[in-house]
Structures are given as structure tokens and as C-alpha cells.
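Trainee: Can you read through this structure? Questions will come right after.
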Amino acid sequence: MQIQDIPTNDLVEVYEMVEDILNSLLCYHPLSYMVPTFDDDLYYSTCMLSQSYLQCVYQDISEDIVHAIVKEAYANYFMKHPKRSSRVKESNVLPNVTTMRVKLTYLSNIPQPEQRTDEWYLFRHKYLTASSIWKAFGSDSTRNQLIYSKCAPMDVKRYSNVNIDSPMHWGHKYEYVTLQWYQHIYNTIVSDFGCIPHSTYSYIAASPDGINTDETSTRYGRMIEVKNIVNRVITGIPKQEYWIQMQIQMEVCDLDNCDFVETRFKEYENIEEFEQDGTYTQTSDGKSKGVCMLFIDDTQPIYEYSPWASDKECIQTWVHDNMNRHKDKTWLKNIYWKLDEVSVVFVERNKLWFEHALPILQEVWNIIEVERVSGYEHRSPKKRVKKIEPETPLKCNILL
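Just so we're aligned, residue 1 is where the sequence shown starts under full-length UniProt numbering, counting upward by one.
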């Protein structure tokens, strides 16, 4: 049996039936959107249910035909509903500039402390923030960690000592370069808006990595979330914690679209290796490259980044200028980098997911408010007790 053997009117009903199955599954399990295997899980569940129904009507329908029908219905359904993620969405249509300008003006006028100051860390401590809110949907252990971290007093001193070799610092170090690349590739401007509280749910806040603010760009008003990975494989499928983070950010900012940018930077051992690989602007295989300078001010690292696609002469002038500008600080080293891999994925705001996630967040926040008063010590991390092995009695190994 072939698809064309099904009468046209019947086929229309079949597609509608499959879309109804999709809709029922999503309405019954709306939180499943956050799972990285969402598309595979939903597709195969839909195939199984569709096959059970269709084989009752068309006894000789094959599994391949069922899959073909589900595949087309699946594509049609997600043209009308938000996908979990997709390859970056290009458009020649400008967003409503007037409406978006009002939104971004509101966000930019929200008073807040300067980023990564003591006041900023204390400010963030008052909220469930997008970067850690995923723990509310994890195991009992991760949920416990979230509650404990928001009940315990904030120790801002722990942020004063920076490990410049940690994966977290690596991500922070290359965030600016990733945004340079993004602005260059998409001919746009990205601006920072700090930590933004939700206008309705006062216990939720988010710090997007940036928002497109060029009114002439088709990306105007689109959010950007950056992850600079160290050794993880880039799959193009946002991890659960990152997908949740973006959904909370879009909800807080009342924006509908986000570009999820993952990059892998590699560093050269020295300037000689850097100069031997292509030019100052591109590697021999066409990848972007550049330089950043690391200075130390007391115990804090300060980075300066070369202008995008700077040639050797520009880099030399830029290095000289920065050495003069930071002569009151300690110059540690120049870092020569290349952008080895990059992925841009489009993520849409999912209001259905947030609607069903909100009660979970509210429950967690209620616990935090209660235990800040009644006590939270029972949630403190348990110290591991070393297992003491019994001493083995000495044996005489002399054979008589």
C-alpha cells in the first residue's frame, strides 16, 4: 500500500488525526519540551500511536508509510507551534520596531548594580535566576542545592578569588569574542541589559548575555545566549539546563526569540605558532583568529580584546596602546586564539512550557521563604565520612 492509495479526503483526516495525537501528547506532558531528546521521544510516541490507529483502518499499511505520514504531519504541526530548537532562522522581515523599542527601553531603564560587583551578587541572591533555575526541575539533590543556596547568606568574598584556568572562567573570558563574531557575521549590534527582574513574578530574574539592539536588523529584539565550551561535543541541541535558562530569560524580558550560540576556542602556545597558521585574521583553513591581553589588577583579571579581524599592524598598535593604558596594572600575558567551531541554534519562547513550570518554581520559592526564617541547616551538604577499613592482621610468611 502507498500513500496515494489513501483517498484524498481520508488522507486529510489522517493528517489531522496525527496532529491531534501530537497535541494531546504535548498537552499531557508540556514539561517534556525541556528534555534534549524531546523531538525523538515525541516523534516515536506519535508513530506508535498512529500506527495502532491506522492499522485498524488499513490492515496492510506498512511502517514506512506510517512514518512518512507522521513526518509530514510533524512538520506541519511545528510550523504552527514552537519547536524546541531549530537551525538559525533567517528572515527578511523587520520586526515591529515601535513595539520592540518600547520593550527594550523599559528593560534598559530598570535600575540595577554594575555587573560582577558585590552589590550585583547580593542583588542576584534575592531571586531565582535563570542560570540556576534548572535545578528546580532536577533531582531531589539539585533541588535541595538550589533551596540551600538561596537560604544561606551570600558570601561575596568567594567571588574575589578567580581561577583563570577553570571552565567557568573560560566561558566568561571568551563571551566578548563570541559576541564580536556574532555582530560581525549578522551585521548587528548586541547590547547588555544586566540582571532583570520579572515584572510579575518578583522572585524570578535573568541576565541575558545580550539582546540585538540594531533597529535596522531583522534580528532586532532577538536575545543571545552564549556558551563557550571547553571539551564537550557541540551537538546543536541545547542541554536541558540551557534550554530552561533561555525560556526564563525570554519570559522575564517578554521576548519571543533567542539565538543559542555555542563556540569552541583554541589557544596557540605562543605568537610564533599563531603567526605560522595563516594570517593575523584567519587560520590557514579559514577560521577566525585574534588576540586578547590579560592584565591583573590586585587579584582580578582584566581582559582587552583586539578589534575584530585586525591585521598585524593594527594588533601591534593596539598592544602598545593597551600597555600604556594599563601601566598601573600587571601585564600577565597575551593570549592568541582561534575560533575552532561555532553553532547557532534558534530557540522560540514556549509559553505552554512556562505555564506548567511556574507552579514548580512557586513551590520552590515558597520553601525558600519559609526556611529562611524557620531554618535551612538540614539542607546543608552532607560531609562524606571516610570508610575506615579494618586493619589486616599481620601474617607470617615464613614457611617451615
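Using N, Cα and C, we set each Cβ at its ideal position, and we do this for glycine too.
Remember, predicted model here, so these are calculated numbers, not experimental data.
By DSSP, does residue 330 sit in helix, in strand, or in coil?
Mentor: Strand, per DSSP.
Trainee: For the region 307-327 and the region 198-207, state whether three or more C-beta atom pairs, one from each stretch, are separated by less than 8 Å.
Mentor: No: the two stretches stay apart, fewer than three of their Cβ pairs being nearer than 8 Å.
Trainee: Check whether the region 316-324 touches the region 365-382, taking contact to mean three or more Cβ pairs, one atom from each stretch, closer than 8 Å.
Mentor: No, because fewer than three Cβ pairs between the region 316-324 and the region 365-382 fall closer than 8 Å, the two stretches do not touch.
Trainee: For residue 250, collect the residues of the same chain with a Cβ closer than 7 Å to its Cβ; drop the 5 residues on either side in sequence, then sort them by chain order.
Mentor: Hits under 7 Å: 223, 256, 258, 349.
Trainee: Considering Cα atoms alone, identify which of 34, 60, 90 is closest to residue 185.
Mentor: Ranking the options by Cα distance to residue 185, first place goes to 90.
Trainee: Ignore the nearest five residues each way along the sequence and tell me which others in residue 253's own chain have a CB closer than 8 Å to its CB.
Mentor: Correct list, in chain order: 103, 107, 193, 196, 206, 208, 211, 223.
Trainee: Taking only the alpha-carbon atoms, compute the straight-line gap between residue 43 and residue 153 and give it to the nearest angstrom.
Mentor: Each residue's Cα considered, the two are about 46 Å apart.
Trainee: Kindly provide the ranges of any beta strand (DSSP E) runs that are 3 or more residues long and lie completely inside the UniProt domain "YqaJ viral recombinase" (119-254), ordered along the chain.
Mentor: For the UniProt domain "YqaJ viral recombinase" (119-254), whole beta strand (DSSP E) runs of length 3 or above, ordered along the chain, are 204-206, 210-212, 223-229.
Trainee: May I ask you to report which of helix, strand or coil DSSP gives residue 301?
Mentor: Correct three-state label for residue 301: strand.
Trainee: Between the alpha carbons of residue 144 and residue 324, how many angstroms are there, rounded?
Mentor: One C-alpha to the other measures close to 49 Å.
Trainee: Within 10 angstroms of its Cβ, does residue 12 collect 16 or more other Cβ (buried), or is it exposed?
Mentor: Residue 12 should be labelled exposed.
Trainee: Which residue from 340, 301, 336 puts its Cα closest to that of residue 326?
Mentor: Comparing Cα positions, the closest option is 301.
Trainee: Start and end of the beta strand (DSSP E) containing residue 109?
Mentor: No beta strand (DSSP E) holds residue 109; DSSP gives it neither H nor E.
Trainee: How should residue 347 be labelled, buried or exposed, when 16 other C-beta atoms within 10 angstroms of its C-beta is the threshold for buried?
Mentor: Buried is the call here.
Trainee: Secondary structure at residue 37, three-state DSSP: helix, strand or coil?
Mentor: It is coil, neither helix nor strand.
Trainee: Should residue 177 and residue 28 be called a contact, given that it needs their Cβ atoms to be closer than 8 Å?
Mentor: Contact: no.
Trainee: Alpha carbon to alpha carbon, how far is residue 169 from residue 274? Give it in angstroms, no decimals.
Mentor: Straight-line Cα distance between these residues: approximately 22 Å.
Trainee: Alpha carbon to alpha carbon, how far is residue 260 from residue 148? Give it in angstroms, no decimals.
Mentor: If you take the alpha carbons of residue 148 and residue 260, they lie about 29 Å apart.
Trainee: Residue 118: which of 17, 296, 155 sits nearest, CA to CA?
Mentor: Measuring from the Cα of residue 118, the nearest candidate turns out to be 155.
Trainee: Per the contact definition of three or more C-beta pairs closer than 8 Å, is the region 224-238 in contact with the region 266-284?
Mentor: No, the region 266-284 is not in contact with the region 224-238.
Trainee: My guess is that residue 85 and residue 238 are in contact by the Cβ rule of under 8 Å, so how many angstroms apart are they, rounded?
Mentor: So it is a contact: roughly 6 Å between Cβ atoms.
Trainee: Mind checking which residues open and close the alpha helix (DSSP H) that includes residue 372?
Mentor: Residues 351-374.
Trainee: Considering only residues of the same chain and omitting the five flanking positions on each side of residue 398, which have a CB-CB separation below 8 Å?
Mentor: Here residue 398 scores only 41 on pLDDT, less than 50, and its place in the model should not be relied on; the value that follows carries that caveat. Correct list: empty, nothing qualifies.
Trainee: Could you check the C-alpha separation between residue 246 and residue 82 for me, to the nearest Å?
Mentor: Answer to the nearest angstrom: the Cα atoms are 14 Å apart.
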